[in-house]
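Here the protein sequences line up with chains A and V, keeping their order.
Letter 76 of the first sequence, counting from 1, is numbered 82 in the numbering used here, and no numbers are missing.
Letter 93 of the second sequence, counting from 1, is numbered 87 in the numbering used here, and no numbers are missing.
Beta carbons are placed, not taken as given, at the ideal position from N, Cα and C, and that holds for glycine.
Model, not experiment: these values are computed from the prediction.
Remarks on the structure that follows.
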Amino acid sequence: MNFLAYGDQGLVVEFEPKIDPDIHRLVMAWYRTIREASIPGIHTLIPAYHSLTIGFLPEAVRTAELIKRLEALEVNIDPASTGEMIHWRVPVCYDDENGQDLTHVAKMLQRSIEEVIELHTRGTYLVYLLGFLPGFPYMGILPEELNVSRHKVPRLQVPAGSVGLAQRQTGIYPCASPGGWQIIGRTPISLFDVAVQDFLFHPGDSVRFYSITAEEYDEWRNKLNGRPLNREELYD
Amino acid sequence: MTRTVHIKCLQPGLLTTIQDQGRSGYQHLGIPPGGALDKQAARVANALVGNALQEPVLEITMIGPHLKFLDDCQIALTGARIPALADGHPLNYCQTLMMSAGTILRMGTAVNGCRSYLAIRGTWNIERWMGSASALTSTHSVHTPFAYLKKNTQWTTQVDREITPAKVPEYWRHDFSGDFRPRLMPGPEFFQADYRTVKSLLQETFVIGRDSNRMGYRLEAKVPLTEGAHDILSSAVLPGTIQITSSGKPILLLGDAQTTGGYQRIAQVIKADLDGLGQLKPGDEVGFVIVNDWAAQKALELYHQREHEILGAIRYAQESGAS
């Protein structure tokens, strides 16, 4: 574990540079410990794969002093301590209309569409970080059988709810946006929960996908149309 | 008793958005902090009209909008120097101004600097998202639908009483004349970067690229940096970070930048100089200078001292009243 200074307003707690659930668990343990320690001056904590970036007010604390305070913390890295992580189960309609790249992905992987769906719905994925767009979850690790590279030229418009693949990662577009991920399906749920003014998925959560038909997709859309989401329907 | 002030946009200009001091503390959800890029200029504009410092303002980018004030109101213009005519009369810069109902304000093209700030007295009736009214220009239509000025956009503020006019003392006004050298401190990958890249960053002069926006500026080197940098496993980035892409192109990130990235974070502009970055425009030349933590601390003290004196002078004028 290393502390890396980041100008006069940041500090990075960094671990081994690997996409690995055990390393991410360390990141999240530090995230929770620092948040609970409420150290004056810290205003931002951003977890990623192997790093936790701390944003602080240099008016309140300087880097050297902050490192001393962090070194004095007792970080609970007990694997049983997972904080308030949620296991989600997310409906996805995998077809050519909702997954613009589904047929192409199956061809690249030399598999049938059914096999691609089976592989994607089989795994439980860890939310490593949110980035790229507000609320965009980077989840993994996908099995090697689903490893496809991004589009060389990003699509100009990917619809909200699109579920994509990029190397060993899977993600969901929270809003319509240009993007390069290979789109294999779409979820009818909105990733932003208006009732609690927060995104559904947070770093450290886990996600499983299940396949729904185009009719079920429409039913979900009609049910959600203008109405608040019942989060518990999505709990695994 | 309060009254409502209606404002209508007749022409939006190049890019006019509603911005406040931003939404800090949501970067773990992928939400950039955003907010006015020249935060001090926005706060000073609000002080001149007697608003809370974090109230929204209009951020005007290079080419200003045409606005119609449908009710009597008080406004103030700070930041980049931009010519403006209120019903044909030139508008004074950095002071409280009275606009009578029906006045049409036409703004021209910024002369010095890039972003001007227009404060309007009152509480702005604007939808907030995650604690802020700021337009997020990367995904603007989704969560902050009214923060992007278009033709016929109309909004209101709620005013209690008139405030005594005040001015920013002349010697405290920035002129954005172009001798700004942002100060840097090392970023997380500073010590693993190729030394020739670091040397170029600190010695060369760069030109702010054409395709620059509120997310970031491309820094075009006169002598291209031939040595690229290897990518890193994605990690968080902050406004003011200088990244080097694998093809050797430096990028300077701003308030609307995405919250994580995979390029080496070579250096970070110190907090005292972040506001000034918002006043650089495409085509401007810029060079950097590296400082230590002590110098960064002193620079930040001066930044706050300047603001303290400006706000003090404004408050004195407002409280000594009946002018």
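| Item | Value |
| --- | --- |
| Quick one: give me the first and last residue of the beta strand (DSSP E) that Q175/A is part of. | Q175 to I178 |
| Between the Cα of Y211/V and the Cα atoms of L227/V, Y87/V, I238/V and H224/V, which residue gives the shortest distance? | I238/V |
| Considering A172/A, what are the terminal residues of the beta strand (DSSP E) in which it resides? | S168 to A172 |
| Rounded to whole angstroms, what's the CA-CA distance from G96/V to A80/V? Just pull it up for me. | 10 Å |
| Per DSSP, which one or two residues make a beta bridge with E214/V? | V201/V |
| Check for me: the beta strand (DSSP E) holding T219/A runs from which residue to which? | It is not in any beta strand (DSSP E) - T219/A carries neither H nor E in the DSSP assignment. |
| Tell me the residue span of the alpha helix (DSSP H) that contains A41/V. | K33 to L42 |
| Whole angstroms is fine: what's the gap from G28/V's alpha carbon to P50/V's? | 12 Å |
| For Q48/V, tell me which candidate among R122/V, H0/V and A104/V has the shortest Cα-Cα distance. | R122/V |
| Taking only beta carbons into account, state which residues of the segment 15 to 28 of chain A come closer than 8 Å to chain V, listed in chain order. | Q15, G16, V18, E20, P23, K24 and I25 |
| Can you tell me whether DSSP reads A311/V as helix, strand or coil? | helix |
| Ignore the nearest five residues each way along the sequence and tell me which others in Y302/A's own chain have a CB closer than 8 Å to its CB. | It is not possible to answer for residue 302/A, since the shown part of chain A is limited to 7 through 242. |
| Alpha carbon to alpha carbon, what distance is there between Q116/A and G125/V? | 48 Å |
| I'd like to know whether the C-beta of T361/V is nearer than 8 Å to at least one C-beta of chain A. | Because chain V spans -5 through 317 in this model, residue 361/V falls outside it and cannot be assessed. |
| With 8 Å as the threshold, decide whether the Cβ of S18/V is near any Cβ in chain A. | yes |
| Output yes if chain V places a C-beta closer than 8 Å to the C-beta of Y131/A; else output no. | no |
| Between S317/V and P64/A, what straight-line distance do the alpha-carbon atoms span, to the nearest angstrom? | Here S317/V scores only 47 on pLDDT, less than 50, and its place in the model is too uncertain to base an answer on. |
| Look at the alpha carbon of T254/V and the alpha carbon of H208/A, and state the distance between them as a whole number of angstroms. | 15 Å |
| Quick check on S317/V: does DSSP put it in helix, strand or coil? | Only weak support exists for where S317/V lies, its pLDDT of 47 falling under 50; the coordinates are left without a value. |
| Checking contacts by CB at 8 Å: is L232/V closer than that to chain A? | yes |
| Give a yes or no on whether 8 Å exceeds the smallest Cβ distance from A11/A to chain V. | yes |
| Is it the case that the segment 68 to 75 of chain V contacts the segment 38 to 47 of chain V, given that we only count it when at least three CB pairs across the two stretches are under 8 Å? | yes |
| Which of the residues in the segment 204 to 218 of chain A, read from start to end, lie with their CB under 8 Å from any CB of chain B? | Considering every chain present, this structure includes no chain B. Its protein chains are A and V. |
| For a test of the three-state rule: what should DSSP assign to D199/A, helix, strand or coil? | strand |
| Give the single residue among I284/V, G19/V, I304/V and D278/V whose Cα lies nearest to the Cα of C108/V. | D278/V |
| Pairing CB atoms from the segment 195 to 204 of chain V with CB atoms from the segment 272 to 290 of chain V, are three or more of them under 8 Å? | yes |
| Nearest to D14/V by CA position, among D173/V, G24/V, E183/V and T138/V, is which residue? | T138/V |
| By the criterion of Cβ-Cβ separation under 8 Å, what are the contact partners of R68/A in chain V? | D287 and Q291 |
| Between which two residues does the beta strand (DSSP E) containing G73/V stretch? | C67 to R75 |
| Does any C-beta atom of chain A lie closer than 8 Å to the C-beta of Q48/V? | no |
| Look at the alpha carbon of N119/V and the alpha carbon of L91/V, and state the distance between them as a whole number of angstroms. | 21 Å |
| Kindly indicate if chain A contains any beta-carbon less than 8 Å away from that of L229/V. | Residue identity check: residue 229/V is Ser in the sequence provided, not Leu. Taking Cβ atoms only, chain A reaches closer than 8 Å to S229/V, which makes this a yes. |
| Please determine if the segment 301 to 308 of chain V and the segment 155 to 168 of chain V are in contact, where contact requires at least 3 C-beta pairs separated by less than 8 Å. | yes |
| Closer than 8 Å is the cut-off here; do at least three beta carbon pairs connect the segment 53 to 61 of chain V with the segment 100 to 116 of chain V? | yes |
| For the putative contact between L171/A and V154/A, defined by C-beta atoms under 8 Å, what is the C-beta separation to the nearest angstrom? | 5 Å |
| Quick check on R161/A: does DSSP put it in helix, strand or coil? | strand |
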